[in-house]
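Undergrad:
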Amino acid sequence: MTALTTAEAGISEEVLSGWRSEYGHKVEEGFETILVDKLGVESLDEEPDQERANAMAAKGQIAVMRASAKEDFEEGIDFKFFNPLTSRMVPVDI
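Residue numbering for the sequence shown follows my numbering, beginning at 103 and increasing consecutively.
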C-alpha cells in the first residue's frame, strides 16, 4: 500500500505508523525465535567481553542480540549479530 492509496482509503499516517511499529516488533520476535530455536544461534543479553568474544570466534560461533529500544529508535538497528571472523558485533536492520 503506497502513501497515496492509504490516503485514498482514508487510513491516516498515524494509524499506518502504529501498524508498522506493532507488526514490525512481532516480525523481529519471530525472526529471533527462528534464529535461536530452529537454527541454534546463541541469544545474547549483552555484548560479549573480549575474552568471551575470542572464545566464540575460536569456535566459529554466531550469536544474535536484540538492539535496545534507543538504538532501534535513533539508529534503526533491530539486531546485532556476532561475527566470528572479526570478533565484533554487526548492527542489522530488518
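Here a beta-carbon is modelled for each residue, glycine too, at the ideal position from N, C-alpha and C. Small disclaimer: the values here were computed from a predicted structure and weren't measured.
#1: Using the beta-carbon count (16 or more within 10 Å), is LYS182 buried or exposed?
#2: Suppose the cutoff is 6 angstroms on Cβ atoms and the five residues either side in sequence are ignored; what does the same chain contact list for MET167 look like?
#3: Give the DSSP bridge partners of LYS182, in chain order.
#4: Take the Cβ of ASP151 as the centre, count every other Cβ of all protein chains shown within 10 Å, and call the residue buried at 16 or more, exposed below.
#5: Rounded to whole angstroms, what is the Cα-Cα separation between LEU106 and HIS127?
#6: Using C-beta distances below 7 angstroms, list every residue in its chain close to ASP180, excluding the 5 sequence neighbours before and after it, in chain order.
#7: Is the beta carbon of GLU148 sitting closer than 8 angstroms to the one on MET191?
TA: Result, derived from the coordinates:
#1: buried
#2: The answer, listed in chain order, is LEU146 and LYS182.
#3: MET167 and PRO193
#4: exposed
#5: Reliability fails at LEU106, whose pLDDT of 48 lies under 50, so the model's placement of it is uncertain and no value is given.
#6: GLU130, ALA169, ASP174, VAL194, ASP195 and ILE196
#7: no
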